[in-house]
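Here full-length UniProt numbering is used: the first residue of the sequence shown is 1, the next is one more, and so on. The beta-carbon is built from N, C-alpha and C at its ideal position, and this holds for glycine as well. These notes are about the structure you will find just below.
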Amino acid sequence: MMYGLFLLVCYTFQPCQYEPQGYVYPDDKNCMADLQQQGLPPEYECLPVDGVLYARKQ
Numbered sequence: 001m002m003y004g005l006f007l008l009v010c011y012t013f014q015p016c017q018y019e020p021q022g023y024v025y026p027d028d029k030n031c032m033a034d035l036q037q038q039g040l041p042p043e044y045e046c047l048p049v050d051g052v053l054y055a056r057k058q
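In structure tokens, the structure reads:
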């Protein structure tokens, strides 16, 4: 399963959504390592690419 780096974006009067950040990893360990190495805030998450893309279509 491929993992991607996503940013949780929340706008006023709209539901929150995950925005892809253009990074894809072969597993969650590599994604988490990159997240920590870059020192990104907690709004960034490592999520399965297929799960997020499927959820956006519904």
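- Cβ neighbours of Leu-8 within its own chain (closer than 7 angstroms, five residues either side excluded): Cys-16, Tyr-18, Glu-43 and Glu-45.
- The C-beta of Gly-39 has fewer than 16 other C-beta atoms within 10 Å across all chains shown, which makes the residue exposed.
- Rounded to the nearest whole angstrom, the CA to CA distance from Pro-48 to Tyr-11 is 23 angstroms.
- Annotation for Tyr-23: Gly-4, Leu-5, Cys-31 and Asp-34 place their beta carbon closer than 8 angstroms to its own, counting only its chain and skipping 5 residues before and after.
- Short of 7 angstroms from the beta carbon of Pro-20, and not among the five residues preceding or following it, lie these beta carbons of its own chain, in chain order: Gly-4 and Phe-6.
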